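Student: Take a look at this one; I'll ask things after.
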Amino acid sequence: MVERAASYGIPRQDVIIDPLALAAGAQPEQVRETLQAIGLIKSELGCRTSLGISNISFGMPNRGFLNAAFLTMALAAGLDLAIINPLDERIMDTIRAAQVLLNQEGSARRYISIVGAKKLVHNAAVVTAAVPPSTSAVSAPIVTASKNTAAQDSVRRALYDAVMEGDQGGIIVIIDAALTQGIAPMAIVDGCLIPALDEVGRLYAQGIYFLPQLMQSASAMKSAMARLQPELKDVRAVDGQGTVVLATVQGDIHDIGKSIVALLLENHGFRVIDLGCDVSARDILAGARAHQADLVALSALMTTTMPYMKEVIDLFASEKYDCPVLIGGAATTGAFAQEIGAAGYGNDAHEAVREVRRLLSGNKNKGTS
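For the sequence shown, the residue numbers in this note's numbering are 43 to 411.
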């Protein structure tokens, strides 16, 4: 059939094959066969697949549960076209969730906007009050001197919004426009980008923004900083924020939280050295010395690896290496930080950045032995 279609000029990817979903109540052994058929059709024939999902639950009670479970399995197997009831909320939520887990483009943003997030409405009042005094000393981007033109105000707002919305591509164009209009690189960073990133952190802490939005905003910020790097090179060399060495402690291979902290610290002007995961106390000390760390930040996700944080701090003390240690990670607490003698504790990525700022305020290049 596929070859016959090709003879008429119909490409394989335009052929849709339905392997049929039979009632699980009558032929339960066929469910696995149908799922396997989806994979074979795609891998062997290169065609698309479709299924009538609700057939699977015919004659069964609470059909919605079975339909949603089967749909999830079929999507994981590679199903392209699902014949479903779009008014069934459970089914639609299943599709949105599966798209996120299958890493389909734009799926996380759609999931958040439909399922869980409150949409942030931008206006002048929100932008002006975006940075609470307790979290940042810089001004919100719309508070500009009277000599600034309306065009500059507009581009400042656009830069702020680009970070808030995680517009990784568009932010480069806006930065070019800002530079063309004569806005200083440091004014772009301190007056627009960092306040926006601080606001993203505040919204994340309040449960209004979620992890994908946090990562998208951080990525947009990273793109912006890469574009500004040539312009900022001389300024940052003189006025760097300090060097932070990061590591996930021995026995722990989790690094998503550490990676977010690294990205945010870089975006706030710190020099970041990431030693990676499962790093021994000796290697952390060696890395801190080699890079002349102003601060060492340790991460641990598992309770079984938390003792290695104390091992690092004890090693620093025995080696007379004077460098503050900040800890964080899902398994850690402020009380634990005090117990092991850590200089600070970050409950999340943005609190970690605030703690680094606090600990290094007027105290750079402390790491000595």
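Glycine residues also receive a C-beta, built at the ideal position from the N, C-alpha and C atoms.
The structure presented is a predicted model; accordingly, all values stated were derived computationally and were not measured.
Around the C-beta of Y251, are 16 or more other C-beta atoms found within 10 angstroms, so that it is buried, or is it exposed?
Tutor: Burial call: buried.
Student: Between R54 and G94, what straight-line distance do the alpha-carbon atoms span, to the nearest angstrom?
Tutor: Answer to the nearest angstrom: the Cα atoms are 21 Å apart.
Student: Under DSSP, the beta strand (DSSP E) around G370 begins and ends at which residues?
Tutor: 367-370 is the extent of the beta strand (DSSP E) around G370.
Student: Would you mind working out which of G208, R269, P103, V398 sits nearest L253, comparing C-alpha positions?
Tutor: With distances taken between Cα atoms, L253 lies closest to G208.
Student: Tell me the DSSP bridge mates of R46?
Tutor: DSSP, once it has assigned bridges, lists no residue as partnering R46.
Student: Within a Cβ cutoff of 8 Å, which residues of the same chain sit near V197, ignoring the five residues on either side of it in sequence?
Tutor: The residues are I216, A219, A220, Q223, I225.
Student: Are the Cβ atoms of I80 and A110 separated by less than 8 Å?
Tutor: For I80 and A110, no; Cβs fall outside 8 Å.
Student: Would you mind working out which of A335, H296, G299, L327 sits nearest I315, comparing C-alpha positions?
Tutor: Answer by Cα proximity: A335.
Student: What does V287 pair with, by DSSP beta-bridge criteria?
Tutor: I315, V338.
Student: What is the DSSP secondary structure of V346, counted as helix, strand or coil?
Tutor: Note that residue 346 corresponds to Thr in the displayed sequence, not to Val. Helix at T346.
Student: When the Cα atoms are used, what is the spatial distance from A304 to A150?
Tutor: Those two C-alpha atoms are separated by around 22 Å.
Student: How many angstroms separate the CA atom of L87 from the CA atom of V44?
Tutor: Rounded to the nearest angstrom, the two C-alpha atoms are 8 Å apart.
Student: Whole angstroms is fine: what's the gap from L288's alpha carbon to A63's?
Tutor: Taking the straight line from one Cα to the other gives about 51 Å.
Student: Tell me whether D364 sits in a helix, a strand or coil according to DSSP, three-state version.
Tutor: Correct three-state label for D364: strand.
Student: So, with DSSP's three-state summary, where would you put Y387?
Tutor: Here Y387 sits in strand by DSSP.
Student: Report the rounded CA-to-CA distance for S261 versus G212, giving the unit in angstroms.
Tutor: Using only the alpha carbons, I get a separation of about 12 Å.
Student: State the beta-bridge partners of V321 as determined by DSSP.
Tutor: According to DSSP, V321 bridges with V291.
Student: Hey, G376 and Y363 are a contact pair by Cβ (cut 8 Å); roughly how many whole angstroms apart?
Tutor: Rounded, the Cβ-Cβ distance is 24 Å, inconsistent with contact.
Student: In this structure, what does DSSP give as the bridge partners for S96?
Tutor: Answer by DSSP bridge pairing: none, since S96 is not bridged.
Student: Kindly indicate which residue of T136, L123, L121 has the alpha-carbon position closest to the one of F107.
Tutor: That would be T136, whose Cα lies nearest to the Cα of F107.
Student: Over what stretch of residues does the beta strand (DSSP E) that includes L123 continue unbroken?
Tutor: Unbroken beta strand (DSSP E) run through L123: 123-125.
Student: From what residue to what residue does the alpha helix (DSSP H) around D195 run?
Tutor: Start and end: 192-206.
Student: Check the DSSP bridge columns for R90 and list the partner residues they point to.
Tutor: BP columns for R90 point to I58.
Student: Excluding the five sequence neighbours on either side, which residues of its own chain have a C-beta within less than 7 Å of the C-beta of S265, listed in chain order?
Tutor: Taken in chain order, the residues that qualify are Q210, I213, I214.
Student: Can you tell me the Cα-Cα spacing of A200 and G233, whole angstroms?
Tutor: Whole-angstrom Cα-Cα distance: 12 Å.
Student: Looking only at its chain, what residues have a beta carbon closer than 6 Å to the beta carbon of S92, apart from the 5 residues adjacent to it on each side?
Tutor: Correct list, in chain order: I58, D60, L123.
Student: Buried or exposed: D356, going by 16 or more other Cβ atoms within 10 Å of its Cβ?
Tutor: D356 is exposed by the Cβ-count criterion.
Student: State yes or no: is the C-beta of K300 within less than 8 Å of the C-beta of S341?
Tutor: Yes, they are a contact pair.
Student: Near V367, what residues of its chain come up, given a Cβ to Cβ distance below 6 Å and the 5 sequence neighbours on each side ignored?
Tutor: Same-chain partners within the cutoff: V338, I355, A384, A385.
Student: Name the residue from L245, T345, G249, L307 whose alpha carbon lies nearest to the alpha carbon of V291.
Tutor: Considering only alpha carbons, the answer is T345.
Student: Along the chain, where does the alpha helix (DSSP H) that runs through Q72 open and close?
Tutor: 71-82 is the extent of the alpha helix (DSSP H) around Q72.
Student: Look at H392 and L306 and say whether their C-beta atoms are less than 8 Å apart.
Tutor: Yes, these two residues count as a Cβ contact at 8 Å.
Student: Could you check the C-alpha separation between A139 and H333 for me, to the nearest Å?
Tutor: The alpha-carbon atoms of A139 and H333 are separated by roughly 43 Å.
Student: According to the Cβ coordinates, are I230 and L270 closer than 8 Å?
Tutor: In this structure, L270 lies closer than 8 Å to I230 by Cβ.
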